[in-house]
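What follows is a single structure, written as structure tokens, with notes after it.
2 protein chains.
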Amino acid sequence: MNDMTTKIDSPETPEKLVERLAEKGRAAQRKLARASDAEKAAALRSAAAAIRDAQGEIIAANDKDIAAAEANGLSGAMLDRLKLDGSRLEAIASAIENVASLPDPVGEEIARSKAPAGMTLVRRRIPIGLIGIIYESRPNVTADAAALCLRSGNAALLRGGSEAVHSNRALHVAFAKGVASAGLPVDAIQLMPTQDRAAVGAMLKAAGLIDMIVPRGGKGLVARVQADARVPVLAHLDGICHTYIHAAADPEMAREVAVNAKMRRTGICGAMETLLVDAAFPASGEVLGALLDSGCELRGDARARNIDSRIKAATAEDWDTEYLDAVLSVAVVDGLDAGMAHIAQHSSGHTDVIVSNDEDAAQRFLAEVDSAIVMHNTSSQFADGGEFGLGAEIGIATGRLHARGPVALEGLTTYKWQVLGQGQARS
Amino acid sequence: MNDMTTKIDSPETPEKLVERLAEKGRAAQRKLARASDAEKAAALRSAAAAIRDAQGEIIAANDKDIAAAEANGLSGAMLDRLKLDGSRLEAIASAIENVASLPDPVGEEIARSKAPAGMTLVRRRIPIGLIGIIYESRPNVTADAAALCLRSGNAALLRGGSEAVHSNRALHVAFAKGVASAGLPVDAIQLMPTQDRAAVGAMLKAAGLIDMIVPRGGKGLVARVQADARVPVLAHLDGICHTYIHAAADPEMAREVAVNAKMRRTGICGAMETLLVDAAFPASGEVLGALLDSGCELRGDARARNIDSRIKAATAEDWDTEYLDAVLSVAVVDGLDAGMAHIAQHSSGHTDVIVSNDEDAAQRFLAEVDSAIVMHNTSSQFADGGEFGLGAEIGIATGRLHARGPVALEGLTTYKWQVLGQGQARS
Numbered sequence: 001m002n003d004m005t006t007k008i009d010s011p012e013t014p015e016k017l018v019e020r021l022a023e024k025g026r027a028a029q030r031k032l033a034r035a036s037d038a039e040k041a042a043a044l045r046s047a048a049a050a051i052r053d054a055q056g057e058i059i060a061a062n063d064k065d066i067a068a069a070e071a072n073g074l075s076g077a078m079l080d081r082l083k084l085d086g087s088r089l090e091a092i093a094s095a096i097e098n099v100a101s102l103p104d105p106v107g108e109e110i111a112r113s114k115a116p117a118g119m120t121l122v123r124r125r126i127p128i129g130l131i132g133i134i135y136e137s138r139p140n141v142t143a144d145a146a147a148l149c150l151r152s153g154n155a156a157l158l159r160g161g162s163e164a165v166h167s168n169r170a171l172h173v174a175f176a177k178g179v180a181s182a183g184l185p186v187d188a189i190q191l192m193p194t195q196d197r198a199a200v201g202a203m204l205k206a207a208g209l210i211d212m213i214v215p216r217g218g219k220g221l222v223a224r225v226q227a228d229a230r231v232p233v234l235a236h237l238d239g240i241c242h243t244y245i246h247a248a249a250d251p252e253m254a255r256e257v258a259v260n261a262k263m264r265r266t267g268i269c270g271a272m273e274t275l276l277v278d279a280a281f282p283a284s285g286e287v288l289g290a291l292l293d294s295g296c297e298l299r300g301d302a303r304a305r306n307i308d309s310r311i312k313a314a315t316a317e318d319w320d321t322e323y324l325d326a327v328l329s330v331a332v333v334d335g336l337d338a339g340m341a342h343i344a345q346h347s348s349g350h351t352d353v354i355v356s357n358d359e360d361a362a363q364r365f366l367a368e369v370d371s372a373i374v375m376h377n378t379s380s381q382f383a384d385g386g387e388f389g390l391g392a393e394i395g396i397a398t399g400r401l402h403a404r405g406p407v408a409l410e411g412l413t414t415y416k417w418q419v420l421g422q423g424q425a426r427s
Numbered sequence: 001m002n003d004m005t006t007k008i009d010s011p012e013t014p015e016k017l018v019e020r021l022a023e024k025g026r027a028a029q030r031k032l033a034r035a036s037d038a039e040k041a042a043a044l045r046s047a048a049a050a051i052r053d054a055q056g057e058i059i060a061a062n063d064k065d066i067a068a069a070e071a072n073g074l075s076g077a078m079l080d081r082l083k084l085d086g087s088r089l090e091a092i093a094s095a096i097e098n099v100a101s102l103p104d105p106v107g108e109e110i111a112r113s114k115a116p117a118g119m120t121l122v123r124r125r126i127p128i129g130l131i132g133i134i135y136e137s138r139p140n141v142t143a144d145a146a147a148l149c150l151r152s153g154n155a156a157l158l159r160g161g162s163e164a165v166h167s168n169r170a171l172h173v174a175f176a177k178g179v180a181s182a183g184l185p186v187d188a189i190q191l192m193p194t195q196d197r198a199a200v201g202a203m204l205k206a207a208g209l210i211d212m213i214v215p216r217g218g219k220g221l222v223a224r225v226q227a228d229a230r231v232p233v234l235a236h237l238d239g240i241c242h243t244y245i246h247a248a249a250d251p252e253m254a255r256e257v258a259v260n261a262k263m264r265r266t267g268i269c270g271a272m273e274t275l276l277v278d279a280a281f282p283a284s285g286e287v288l289g290a291l292l293d294s295g296c297e298l299r300g301d302a303r304a305r306n307i308d309s310r311i312k313a314a315t316a317e318d319w320d321t322e323y324l325d326a327v328l329s330v331a332v333v334d335g336l337d338a339g340m341a342h343i344a345q346h347s348s349g350h351t352d353v354i355v356s357n358d359e360d361a362a363q364r365f366l367a368e369v370d371s372a373i374v375m376h377n378t379s380s381q382f383a384d385g386g387e388f389g390l391g392a393e394i395g396i397a398t399g400r401l402h403a404r405g406p407v408a409l410e411g412l413t414t415y416k417w418q419v420l421g422q423g424q425a426r427s
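Chains as they are written, first to last, in UniProt numbering: chain C, 1 to 427; chain Y, 1 to 427.
In structure tokens form, the structure reads like this:
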């Protein structure tokens, strides 16, 4: 049944393998680029149906991965990330259908103008081409990334983690079946047939064959990808997110926003890692107390520790640490400029928040803090493609070029200039 | 007088030098990012005035470069590129004033939407940060690139060619004087104080310090930059531009467009390098004859050579060659699909053109040819920021991410998300 996947023990070099798959992917992408909105949506709905139909095979494949992971002594959290069951598969299928229902970005007219010599200039959105996705243990990324790439007319070359190898193959076989049954080119979505780490290296070096790499996973993976890639990378490394409570913040709102930003889910990249309390904010005791009462460990500077004796002493590293846990660094700052200076020094450029009822202070913060996402009077936990109404996300980009913040379909496109003349020659 | 430039014989390593200059540039950029439209425009007008005032010093410096170049036996074309005189300096000053008159892209609202939880989401255009410009012998790039970066709120670290070292320094001193007199941070526009090639290497590796590198120069320079850079590069390598004359092309228009696309200026990246004539186009003899009569050497496939005996035989390399000269490769193709297949195989993705009065054929060409610029019934020589009404250009990008085609102020910006809440916590 596995004729959609390539043989695993290939005598090819990793470079040749990547070149061959990339050329297949690029050829498929040229066809996919001409597919209509309806064709792509239908293919995704077929893929979702095929995944539902293959529930037995996929869960059996996942059982193999889970057994191997247990034998290798993987931790409970990692096992949980790997685990698929009926309801998680249903969530994967629904997520694909949700992507099918999003508007097709391809062909959208971004801008139209008139050239001085009279031609009409149209900038029109097109797919990027072949996207390499390199990810770790969550098998749902196989389907999520495939769906977003296909919806936006891109081919994908997927390379998942070794722990999820059977789950990923089973999901990919089902997804590909759906794509094929809708008449779209099955090579548009390929899964690397080997877990050889050298093949990841070959993907990263495949400039001109792979147009963009999206790493999805922990800091180690992303850092390796950014260090070694010759292909452009859309990545986020750290989410060291700050919340600054201004003197004129509403105390109740400050408390709610701060507790939510830290404690709703501590392990996501949008979780607050540092709280900056203005020295002139009158209710810092209540806010810090609420955080402590909610079970959060606080590590503060001397002035913060004066507010509540339960606060431990912060070290220099604390200001640059992404805890991803119920731990928070806290500093007392003197005014907006001091708060923004701390953020300029320590933020990872992901998401930073001001809580204030002073509109001028908020406007300055929103204009001057140079992060991908700046927020006023809300929780940094909203830093998410779904919460931004994008319908999905391939990741949150903290680089400065191409796309920033939550990236969904639009971030997976580029544009071309169409120049419509009437015989003009340049003088 | 030279206290605006740094000492030339520094004991620093190239890496330390780049780090120090980049940090100065980044600090200046944070101030520049807050400068108003009027302040930036005033600084550019001051810079233009300072260049006019310094005409004597700049031309004296240029004389030194010219004398050295002559002593080194540089060719006439290279000397011409290097040469500054009163009218070229006036053109440089006017170009800066022209950039001053362009609309400020910074702060522009790109999109506004409502998050499902009620927050307002605004995507707003901001500067990229610190841009490294690496260029060759034309000293006008010093002023052009500085003006575009400053107008868009970016700092620049300029590294010009060794042949133009005195001219570049004199232009930079004058430009910086203008920036300073308008009260903007002079370190926003820095010129590398050394011609050490290792310092170029250090710029290319300065990820996190320099946000983007723009190489301006020949293929050798651009290829080196693309191969070695760890910083994102906005570059174009080749301009292998095609014109396809469809069966339903107007013969007169086809002749005019083809001769213009090749012969108006043969040395620019938008010059046509390959002409594809449809076998069903009835006037190919007139078009090819006009090109030959205009002094162009034609290298054709067998069918092209049957049309006019003056056409030489093309070799396989001809289809992948950017002549930048009065030489053109010519092939006869059977229909739109064959023409587009040739382009898919040989185009460098810069600019490709169809000449046709058949609207369906034109629409297919515009949709399916995957180049940065696709044109209908006009000359590829229009591939230029000024001709596109952008007012200027920092280059033409043939990559697929961030910006494509002519890049001016908008391509030198990125965006941030501003999230305006009313106390929302994420559930």
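In this text, a Cβ means the ideal position worked out from N, Cα and C, and glycines have one as well.
Note that this is a predicted model, so its numbers are computed, not measured.
Around the CB of residue 80(Y), fewer than 16 other CB atoms lie within 10 Å, so the residue is classed as exposed. Assignment of residue 157(C) by DSSP, reduced to helix, strand and coil, places it in the strand class. Counting only runs of at least 3 residues, the region 148–227 of chain C fully encloses the following beta strand (DSSP E) elements, listed from N- to C-terminal order: 155–159, 189–191 and 212–216. Contact annotation: residue 240(Y) and residue 274(Y) have beta-carbon atoms nearer than 9 angstroms. Between the region 185–199 of chain Y and the region 151–163 of chain Y, the count of Cβ pairs shorter than 8 angstroms is three or higher; the stretches touch. With a threshold of 16 other beta carbon atoms within 10 Å, residue 306(Y) falls short and is exposed. Taken in chain order, the whole alpha helix (DSSP H) runs of length 4 or more contained in the region 284–323 of chain C are 284–293 and 302–307. Residue environment for residue 348(C): buried (at least 16 other C-beta atoms within 10 angstroms of its C-beta). Judged by DSSP in its simplified three-state form, residue 83(Y) adopts coil rather than helix or strand. Non-local beta-carbon contacts of residue 364(Y) in its own chain, meaning distances under 7 angstroms to residues more than five positions away in sequence, involve 336 in chain order. Each of 344(Y), 164(Y), 102(Y) and 352(Y) was checked against the Cα of residue 271(Y), and the nearest Cα belongs to 352(Y).
The beta carbon of residue 272(Y) does not come within 9 angstroms of any beta carbon belonging to chain C, so the residue lies off that interface.
Between the region 308–316 of chain Y and the region 242–261 of chain Y there are fewer than three inter-stretch CB-CB distances shorter than 8 angstroms, so the stretches are not counted as touching. Look at the region 23–84 of chain C and you find these whole runs of alpha helix (DSSP H), each 4 residues long or longer: 37–53, 55–71 and 76–82. The DSSP-derived three-state label of residue 263(Y) is helix. DSSP, reduced to helix, strand and coil, places residue 272(Y) within a strand of the structure shown.
Counting only runs of 3 or more residues that sit fully inside the region 316–386 of chain Y, the beta strand (DSSP E) segments are 327–333, 351–355 and 373–378, in chain order. For residue 117(C), the C-beta contacts it makes with chain Y under 7 angstroms involve 382 and 387, in order along the chain. With the rule of 3 Cβ pairs closer than 8 angstroms, the region 8–26 of chain Y does not count as touching the region 58–72 of chain Y. Taken in chain order, the members of the region 193–224 of chain Y whose beta-carbon sits within less than 9 angstroms of a beta-carbon on chain C are 207, 211 and 212. Interface residue (Cβ-Cβ distance to chain Y less than 9 angstroms): residue 244(C) is not classified as such. Contact annotation: residue 233(Y) and residue 214(Y) have beta-carbon atoms nearer than 9 angstroms. Taking C-alpha positions only, residue 42(Y) is separated from residue 205(Y) by approximately 34 angstroms. Neighbours of residue 339(C) in chain Y, taken as residues whose beta carbon is under 8 angstroms from its own, are absent, since the nearest beta carbon is some 15 angstroms off. Residue 106(Y) carries a coil assignment under DSSP once its states are collapsed to helix, strand and coil.
Per DSSP, residue 255(Y) has no beta-bridge partner at all.
Sequence-distant Cβ neighbours of residue 262(Y) in its own chain, meaning closer than 7 angstroms and more than five residues away, are 271, 272, 291, 296 and 328. Residue 175(Y) and residue 92(Y) have their C-alpha atoms spaced approximately 11 angstroms apart.
Per DSSP, the continuous beta strand (DSSP E) segment holding residue 242(Y) begins and ends at 241–245. Apart from sequence neighbours up to five positions away, the residues of its chain that approach residue 22(Y) with a beta-carbon distance below 7 angstroms are 130, 157, 206, 209 and 210, ordered along the chain. When C-beta distances to chain C are compared with 7 angstroms, the residues of the region 407–421 of chain Y below that value are 414, 415, 416, 417, 418, 419, 420 and 421, in chain order. Under a 10 Å Cβ-count criterion, residue 40(C) is classified as buried, with 16 or more other Cβ atoms of the shown protein chains found around its own Cβ. Per DSSP, the beta-bridge partners of residue 418(C) are 122(C) and 374(Y). Pairing residue 338(C) with residue 346(C), the inter-Cα distance amounts to about 12 angstroms. Distance from the CA of residue 55(C) to the CA of residue 98(C), rounded to the nearest whole angstrom, comes to 19 angstroms.
When DSSP states are grouped into helix, strand and coil, residue 142(C) belongs to the helix group.
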